[in-house]
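Enquirer: Okay, handing you the structure first.
Numbering (the working numbering), first residue to last: 2 to 868.
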């Protein structure tokens, strides 16, 4: 009989709620109101029908914050406590010195973000059967004295660093009822030395998970042989089991699940695997097996071929043809992607009637795909044949027997017509038919399905799809978690589809490299969850709409290579999460805004290349502490290079074009080329010690190259050409050992080129058209004073006759040039009166200017010496 809620325990629960932050209303049923009086009916609470005491508190996945009150210890009859998947912010779990929770049999604190000590509490939980302490920050779990819980059957301590693993595993031997042990991400180093006594005391141990540690193969042989009889689940994934698969594993006759993924295994599998009559799931993915798939299939033949349900061997460097797999009649999930398989796909695969997931992606498979390949696959849910050379040859009116949830046929040949059989697939959440040779328009029924069913991933990029996009666009679609839409690299035209209004926390939209035209409407962007927006390489005109400032989650914005004009909208400063912004190749104008550096401080990539920006480069740009690529080239920027550029200590860049889908971390790039920047190159630029490429060419820079240029030891490309630089090349340039591109041409540099392996390896054109450079790779030798010698002949000695001929023609050309120039000017002055008047007026002005300058200089000298 239910006695209702006990008042003392109800008050304890209210105290617990008081200390919690409940952003999602999980505890809304907990309250003091009259209709909430019975706490046994509150969310997450269960009470004993006999005594009325609270026996279960289950707040898992509540996303709660705050701390757990000591009032928890008032719930003395708790047998089940689950606080997993919350965030208690590193607070301490209530200390229990009076064995208040001694009746607990189930305790789950997985990923609850507790810290401090926990062992005093655990030592008193003698009735505990289930314990999960994974991914917290308790600092006393390495002390194993508390692990005397004789009733424990399920132990999970993943994500807790355990100092002495040998002692740990010996203590585990003393847990006679232990059935499941999960110690993922706990150890480092050789954690099971050969001298360790084997785990054989716990005859009930059936599940062992030691994934993501640093187990090594030499320590596993004697240990595995002693746990082989009763183990049902063995997970050693993400370890260092280098070498062949252990023969002892083949003797585990009770094994149902074996996970050896990502363990650097080499070679095939032992023949004994075929005798594992209960083996249902085998994962050998991400290894270096390097054997034909037929070898693996042959050694699985026997009892295992009847029991195997899941076979995962993706990314394992399997070779050869795809063999007949029909003997594995129970297969539901077959994943062989990212291997080296070749040849055709046999039609017999269509007889695996229980198959739900088929992944043969990213191999070198070829040939035709016909309707026979899917004849009996009526319950197939996921199909991934992407990255192969397959040609689909199905009838125009084919209706598949399956109803797929995920369709990935990237780089298959589905065209030239849009695949009509997709019309029968109404339940898919993910569709990728990119780069599939389709040259067609998209039929109406395809868009109609998007207004009725839930889809979260659509990739139809890199085809020859044409036509306009319907105005239904994506505004009538409901998306729960995320939305990815990639229609890039097609021939869609007309205006942008209206409107984009999607309620989803993560939206990725790529319409780049099409023929869209017109303006970006101010009301077009309403998806506040928009994280990625790429409209580059279209024919869009007009201003960037101010509404873009409402995209508070935007991280990537690419509007490059359109015909957008006007200044940058001030509202863009509100997109404070922007990491990538490419507005290059437009007709944008105005000053480079100061708010870019003040508000968009998360930027890693900034390109305003090839626009019409003017004015000086604002010093606020130096506040972009995370910028990796900074490109302001091909504008009308004036002024000087800010000295504060030294603050960009993480700067990364590249003078050529770069792509937004690449890892920015490999670049260190600054490009200010083709502007009107003057002044000297600041010495502070030498602080950018990690810079890879620097382009300051085609400006009006003066002075010498900073002596400290050699501090940029990571430099791979340096272009200072077409400026007004003068003086000698710094000797420290010889320290630029990674240079593979150098251009110093068209300056006024002089003197000897410093000697180094890199500098002398460049073509002479890298130093051409300077004032007086000499030394290799230029043909001019240097004198002892570092000035050019006369040009030597082919045998290295001066030829007097060659010299006489040279000076003869030199003076002849000078005379002819003087005569032509003199009579050209004189005849103009004699014959044209207006030119004569203008010329002599200019002489008068010049004379006055010389007189004034002379007077000023004289006055200054008098002041200097006499007063």
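Ideal Cβ positions, reconstructed from N, Cα and C, are used throughout, including at glycine. All values derive from a computational prediction rather than experimental measurement.
Name the two residues that bound the continuous alpha helix (DSSP H) containing residue 451.
Expert: 445 to 451
Enquirer: Please report the distance separating the alpha-carbon of residue 375 from that of residue 410.
Expert: Roughly 15 Å separates the two Cα atoms.
Enquirer: For residue 541 and residue 464, what's the separation of their Cα atoms in angstroms?
Expert: 21 Å
Enquirer: Where does residue 549 fall in DSSP's three states?
Expert: Per DSSP, reduced to three states, the secondary structure at residue 549 is helical.
Enquirer: Where residue 803 and residue 626 are concerned, what is the direct C-alpha to C-alpha distance, given to the nearest angstrom?
Expert: Note that residue 803 has pLDDT 41, beneath the 50 cutoff, so the model's placement of it is unreliable and the number below is only indicative. Between residue 803 and residue 626, the C-alpha separation is close to 60 Å.
Enquirer: Using beta-carbon positions only, say whether residue 265 and residue 241 come within less than 8 Å of one another.
Expert: yes
Enquirer: To the nearest angstrom, how far is it from the Cα of residue 616 to the Cα of residue 692?
Expert: 26 Å
Enquirer: On a Cα-Cα basis, can you pick out the residue from 703, 303, 490, 539 that is closest to residue 440?
Expert: 490
Enquirer: In chain order, what are the residue ranges of uninterrupted beta strand (DSSP E) at least 3 long that sit wholly in the segment 664 to 748?
Expert: The segment 664 to 748 contains, as complete beta strand (DSSP E) runs of 3+ residues, the segments 670 to 672, 694 to 696, 718 to 720, 727 to 729, 742 to 744 (chain order).
Enquirer: Less than 8 Å separating the beta-carbons of residue 677 and residue 637?
Expert: yes
Enquirer: For residue 469 versus residue 495, is the C-beta distance shorter than 8 Å?
Expert: yes
Enquirer: Could you pull the start and end residues of the beta strand (DSSP E) that residue 336 belongs to?
Expert: 334 to 336 is the span of the beta strand (DSSP E), which, as asked, contains residue 336.
Enquirer: Could you give the residue range of the alpha helix (DSSP H) that holds residue 299?
Expert: Per DSSP, residue 299 belongs to the alpha helix (DSSP H) from 294 to 301.
Enquirer: Quick check on this structure: which residue in 230, 243, 263 has the alpha carbon closest to the alpha carbon of residue 256?
Expert: Looking at the Cα atoms, 230 is the closest of the given residues.
Enquirer: Kindly indicate which residue of 23, 29, 49 has the alpha-carbon position closest to the one of residue 10.
Expert: 49
Enquirer: Considering only the alpha carbon of each residue, which of 119, 243, 7, 550 lies closest to residue 51?
Expert: 7
Enquirer: Shorter than 8 Å from the beta carbon of residue 609 to some beta carbon of chain D?
Expert: In summary, chain D is missing from the structure at hand, where a single protein chain is found.
Enquirer: Can you tell which of 779, 754, 447, 90 has its C-alpha closest to the C-alpha of residue 765?
Expert: Ranking 779, 754, 447, 90 by CA distance to the CA of residue 765 puts 779 first.
Enquirer: Would you call residue 644 buried or exposed, if buried means 16 or more other Cβ atoms sit within 10 Å of its Cβ?
Expert: Residue 644 comes out exposed.
Enquirer: Report buried or exposed for residue 400, applying the criterion of at least 16 other Cβ atoms within 10 angstroms of its Cβ.
Expert: exposed
Enquirer: Could you pull the DSSP bridge partners for residue 48 from this structure?
Expert: DSSP, once it has assigned bridges, lists 55 as partnering residue 48.
Enquirer: Rounded to whole angstroms, how far is the Cβ of residue 314 from the Cβ of residue 285, which I believe are closer than 8 Å?
Expert: With a Cβ gap of about 5 Å, residue 314 and residue 285 count as contacting.
Enquirer: Taking Cβ positions, are residue 268 and residue 303 nearer each other than 8 Å?
Expert: Taking C-beta atoms as the reference points, residue 268 and residue 303 fail to come closer than 8 Å.
Enquirer: So the candidates are 88, 124, 127, 98; which of them puts its Cα closest to the Cα of residue 110?
Expert: 88
Enquirer: If we count the other Cβ atoms within 10 Å of its Cβ and call it buried at 16 or more, is residue 598 buried or exposed?
Expert: If you draw a 10 Å sphere on the C-beta of residue 598, you find 16 or more other C-beta atoms in it, and that means buried.
Enquirer: Using only the alpha-carbon positions, how far apart do residue 427 and residue 382 sit?
Expert: If you take the alpha carbons of residue 427 and residue 382, they lie about 12 Å apart.
Enquirer: Beta-carbon within less than 6 Å of residue 101's beta-carbon, same chain only, minus the 5 sequence neighbours each way: which residues are those?
Expert: Answer for residue 101: 74, 77, listed in chain order.
Enquirer: If distances are taken between C-alpha atoms only, which option among 388, 13, 545, 355 comes closest to residue 519?
Expert: Looking at the Cα atoms, 545 is the closest of the given residues.
Enquirer: Label residue 44 either buried or exposed according to how many other C-beta atoms from any shown protein chain fall within 10 Å of its C-beta, with 16 as the threshold for buried.
Expert: exposed
Enquirer: At which residues does the alpha helix (DSSP H) containing residue 19 begin and terminate?
Expert: 8 to 19
Enquirer: Give the DSSP bridge partners of residue 509, in chain order.
Expert: 485, 533
Enquirer: Under the DSSP definition of a beta bridge, which residues are partnered with residue 632?
Expert: Its beta-bridge partners are 608, 672.
Enquirer: Taking the continuous beta strand (DSSP E) assigned at residue 307, which residues delimit it?
Expert: Counting along the chain, residue 307 falls outside any beta strand (DSSP E), though it belongs to the alpha helix (DSSP H) covering 305 to 308.
Enquirer: Alpha carbon to alpha carbon, how far is residue 714 from residue 800? Give it in angstroms, no decimals.
Expert: Here residue 800 scores only 42 on pLDDT, less than 50, and its place in the model is too uncertain to base an answer on.
Enquirer: Reducing DSSP to helix, strand and coil, say where residue 775 ends up.
Expert: strand
Enquirer: Would you identify the three-state DSSP class for residue 311, choosing helix, strand or coil?
Expert: strand
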